[in-house]
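K.L.:
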């Protein structure tokens, strides 16, 4: 069992955090890239899949029965990977990609949001609120999307994910 990648998407469909894990023989320090593939097609395709499936799941509810529980996308399996999905009320989307042997990571995704994201990103006065700003240049305005580069957030989430029994 292993964790391959951890993503955070903002409400504007942008990947603001991407952490890839590479297996290391010593397991003492997670290795891999941080925020290197945020703008890559893989993160955009992943967001598109999740957005589409979430939309379909919410529309599958029977309109005749108002007391029926809402359909929610929590995880899906594609090939040899399982994608775990959790969305906050402010529409930040937390995604972890694991192998097939990992069951549900809803509580872990909630912990990543409530314990680390809120503390080190939302409550940080130096962190952008929208993760998007405009840059003036001679040809017009360009939108630049920010990334989470908070060292404390990166360290604490790495430690938390490393402490999980599924992290190998």
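In the numbering used here, the protein residues as written are 46 to 213.
Idealized CB from N, CA, C, for every residue including glycine.
1. In chain order, what residues of the same chain lie with their CB nearer than 7 Å to the CB of residue 195, ignoring the 5 residues before and after it?
2. If you run the structure through DSSP and keep just helix, strand and coil, what is residue 134?
3. Residue 141: which of 192, 206, 133 sits nearest, CA to CA?
4. Classify residue 153 as helix, strand or coil using the three-state DSSP reduction.
5. CB-CB under 8 Å to residue 202, same chain, minus the five flanking residues each way: which ones, in chain order?
6. Leaving aside the five residues before and after residue 98 along the sequence, list all residues of the same chain whose C-beta is less than 7 Å from its C-beta, in chain order.
7. Between which residues of its own chain and residue 58 is the CB-CB distance below 7 Å, once the five residues before and five after are set aside?
8. Go to residue 101, then tell me how far its alpha helix (DSSP H) extends in each direction, as first and last residue.
9. Tell me whether the beta-carbon of residue 154 lies closer than 8 Å to the beta-carbon of residue 129.
P.N.:
Here's the rundown:
1. 165, 166, 169, 172
2. coil
3. 206
4. helix
5. 51, 64, 157, 161
6. 118, 121
7. 92
8. 86 to 104
9. yes
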